[in-house]
Amino acid sequence: MHQYLFYIGSFPIRSYGLLFMLGILSAGVVAYYIMKRDGRGWHVHIFDFTMYCGLMGIVGGRLWDVFFFDWTYYHNHITEIPYVWQGGMAIQGGLLFGAIAGIIYTRYHHIDTWAFADLLAPAIILGQSIGRMANLMNGDAFGHPTGENFGLLYPDTTLAYHTYGSQPLWPAEIWEGQLDVLVFVALLFYSSFPHKKGQVFCLYIMLYAVERFFLEFLRGDYVNLVMGLKSAQMTSVIAFGIAAAVFLYLQFYGKIDTEDKGQ
């Protein structure tokens with residue numbers, strides 16, 4: 000785990016920032032490939048789309064982390080809220096703000112939002128997987144102590160070490176990144192069969208919500224509880240319920256994406 004890759008003068012190049020941006024770029028490249036293969040010409044929008052949604056995702060992810068997970072720290076360090084390069088991004092806020100930006104973009108350009116979201120979903124989860132590499136290198140999104148002689152040991156410069164010292168911790172961020180890859184495969188497989196527009200994206204939300212809900216039992220970077228659950232678990236329950244309801248609605252009342260040239 001190396002938080003700092005090298006310095007340009009006195010300016011540090013952080014592995015977190017580099018891998019985070021690689022995650023966004025990788026999602027954009029995969030989305031470009033999928034949409035170009037789809038054949039509707041939407042691939043020409045991908046890099047503009049990625050830029051707008053990526054920026055909004057960064058803002059949303061930061062604000063969500065600050066106000067829902069780390070407000071006890073940031074209310075005494077207001078000036079550090081913009082310091083995204085130090086880590087501290089919540090995927091829930093990033094997805095919400097990114098989705099809002101995506102809806103606005105597709106509506107403005109007269110693109111079928113549901114069909115576009117279906118093609119985009121596998122790319123998003125792959126980008127999330129790379130984002131967890133950033134968390135590992137930065138020493139955040141870590142697990143709680145295993146209580147045994149196995150687990151991850153973090154350097155003394157990381158938040159994980161400042162929280163638990165030299166205790167071995169569950170590799171929560173590593174396992175999440177690996178599960179994200181499996182979700183990526185599942186979405187590609189499901190999308191290869193006839194489905195109603197919007198169902199691939201709903202499946203992405205459901206699978207990630209289940210994944211995140213159970214991994215939260217291993218997370219040790221925050222303990223904020225809502226009705227006996229961590230805030231991220233409560234968010235996962237709500238997201239899963241909404242996505243499942245929409246998935247079922249689309250199953251009965253939605254339209255098959257007959258224009259998909261890749262089928």
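The opening position of the sequence shown corresponds to residue 0 in numbering that gives the first Met the number 0, with each subsequent residue numbered one higher. Built from N, CA and C at the ideal position, the CB exists for glycine as well. Treat the numbers as computed from the prediction; the structure is a model and nothing was measured.
* **Any 3 or more C-beta pairs closer than 8 Å across the stretch 197 to 204 and the stretch 168 to 179** => Cβ pair count under 8 Å is below three, so no.
* Just the Cα atoms here: how many angstroms apart are residue 21 and residue 125? -> Here residue 21 is taken as the residue at index 22 of the sequence shown, counted from 1. Here residue 125 is taken as the residue at index 126 of the sequence shown, counted from 1. Rounded to the nearest angstrom, the two C-alpha atoms are 11 Å apart.
* **Limits of the unbroken beta strand (DSSP E) element including residue 5** => The count along the sequence shown starts at 1 and reaches residue 5 at position 6. Here the beta strand (DSSP E) through residue 5 covers 3 to 7.
* Do you know whose CA, among 237, 217, 228 and 194, lies nearest residue 247's CA? -> Along the sequence shown, read from residue 1 onward, the residue named residue 247 stands at position 248. Selected option, being the one with the closest Cα: 194.
* Between which two residues does the beta strand (DSSP E) containing residue 13 stretch? -> Position 14 of the sequence shown, counted from the start, is the residue given in the question as residue 13. For residue 13, the enclosing beta strand (DSSP E) covers residues 10 to 13.
* To do: For residue 60, collect the residues of the same chain with a Cβ closer than 7 Å to its Cβ; drop the 5 residues on either side in sequence, then sort them by chain order.
  => Here the question's residue 60 lines up with position 61 in the sequence shown. Excluding residues within five positions, the ones whose Cβ falls inside 7 Å are 88, 89, 90, 92 and 93.
* Among residues of its own chain, excluding the 5 on either side of residue 262, which ones have a beta-carbon nearer than 6 Å to its beta-carbon? -> Here residue 262 is taken as the residue at index 263 of the sequence shown, counted from 1. At residue 262, the pLDDT of 45 sits below 50, so the modelled position is not reliable; the number obtained from the coordinates is stated separately. Excluding positions up to five away in sequence, the list is empty.
* **Proximity to residue 131 [Cα-Cα], best of 23, 254, 249 and 7** => On the sequence shown, position 132 is the one that residue 131 refers to. Measuring from the Cα of residue 131, the nearest candidate turns out to be 23.
* Just tell me which of 147, 146 and 141 has its CA closest to the CA of residue 154. => As a first step, residue 154 is located in the sequence shown; it is residue number 155 there, counting from the start. Among 147, 146 and 141, the Cα nearest to that of residue 154 is on 141.
* To do: Scan the stretch 69 to 102 and note each continuous alpha helix (DSSP H) run of 4 residues or more that stays entirely inside, going in chain order.
  => DSSP runs (the alpha helix (DSSP H)) wholly in the stretch 69 to 102: 70 to 73.
* To do: Look up residue 255 in the DSSP assignment and give the residues it is bridged to.
  => Your numbering for residue 255 matches position 256 in the sequence shown. Answer by DSSP bridge pairing, in chain order: 195.
* Given a cut-off of 8 Å, decide if residue 129 and residue 25 are closer than it, judged by their beta-carbon atoms. => Here residue 25 corresponds to residue number 26 of the sequence shown, with the count starting at 1. Here residue 129 corresponds to residue number 130 of the sequence shown, with the count starting at 1. Going by C-beta atoms, residue 25 is nearer than 8 Å to residue 129.
* Inter-residue Cα distance where the pair is residue 244 and residue 163 -> As a first step, residue 244 must be located in the sequence shown, where it is residue number 245. As a first step, residue 163 must be located in the sequence shown, where it is residue number 164. For residue 244 and residue 163, the distance between alpha carbons rounds to 40 Å.
* Quick one: what does DSSP say residue 218 is sitting in, helix, strand or coil? -> Taking the first residue of the sequence shown as 1, we reach residue 218 at position 219. Strand.
* Straight-line gap, residue 120 to residue 101 (C-alpha atoms, nearest Å) -> Within the sequence shown, numbered from 1, the residue matching residue 120 stands at position 121. Within the sequence shown, numbered from 1, the residue matching residue 101 stands at position 102. Those two C-alpha atoms are separated by around 12 Å.
* Determine the closest residue to residue 123 out of 139, 186 and 109, with distance taken between C-alpha atoms. => The residue given as residue 123 occupies position 124 in the sequence shown. Proximity to residue 123 across 139, 186 and 109 peaks at 186, based on C-alpha coordinates.
* To do: Let me know the secondary structure DSSP gives residue 142 once reduced to three states.
  => Position 143 of the sequence shown, counted from the first residue, corresponds to residue 142. Residue 142 falls in the strand class under three-state DSSP.
* DSSP beta-bridge partners for residue 151? -> On the sequence shown, residue 151 is found 152 positions in, with the first residue counted as 1. Bridge partners of residue 151: 168.
* To do: For residue 49, name the three-state secondary structure that DSSP assigns.
  => To locate residue 49, count along the sequence shown from 1; it is residue 50. Residue state, collapsed to three classes: helix.
* Asked: Buried or exposed: where does residue 182 fall if 16 or more other Cβ atoms within 10 Å of its Cβ makes it buried?
  -> The sequence position of residue 182 within the sequence shown is 183, counting from 1. Buried: at least 16 other Cβ atoms inside 10 Å.
* Go to residue 38, then tell me how far its alpha helix (DSSP H) extends in each direction, as first and last residue. => Residue mapping note: residue 38 aligns to position 39 of the sequence shown, counting from 1. Counting along the chain, residue 38 falls outside any alpha helix (DSSP H), and DSSP gives it neither H nor E.
* Asked: Does the distance from the CB of residue 249 to the CB of residue 197 come in under 8 Å?
  -> Residue numbering aside, residue 249 sits at position 250 when the sequence shown is read from its first letter. Residue numbering aside, residue 197 sits at position 198 when the sequence shown is read from its first letter. The beta carbons of residue 249 and residue 197 sit closer together than 8 Å.
* Asked: How many whole angstroms separate the CB atoms of residue 51 and residue 42, which I take to be in contact at a CB cut-off of 8 Å?
  -> Counting from one through the sequence shown, the residue named residue 51 turns up at place 52. Counting from one through the sequence shown, the residue named residue 42 turns up at place 43. Your pair residue 51 and residue 42 does not check out as a contact, with CB atoms roughly 16 Å apart and the cut at 8 Å.
* To do: Say whether the stretch 67 to 75 touches the stretch 214 to 232, bearing in mind that this needs 3 or more beta-carbon pairs closer than 8 Å, one atom from each stretch.
  => Touching, yes, given that three or more Cβ pairs across the two stretches are closer than 8 Å.
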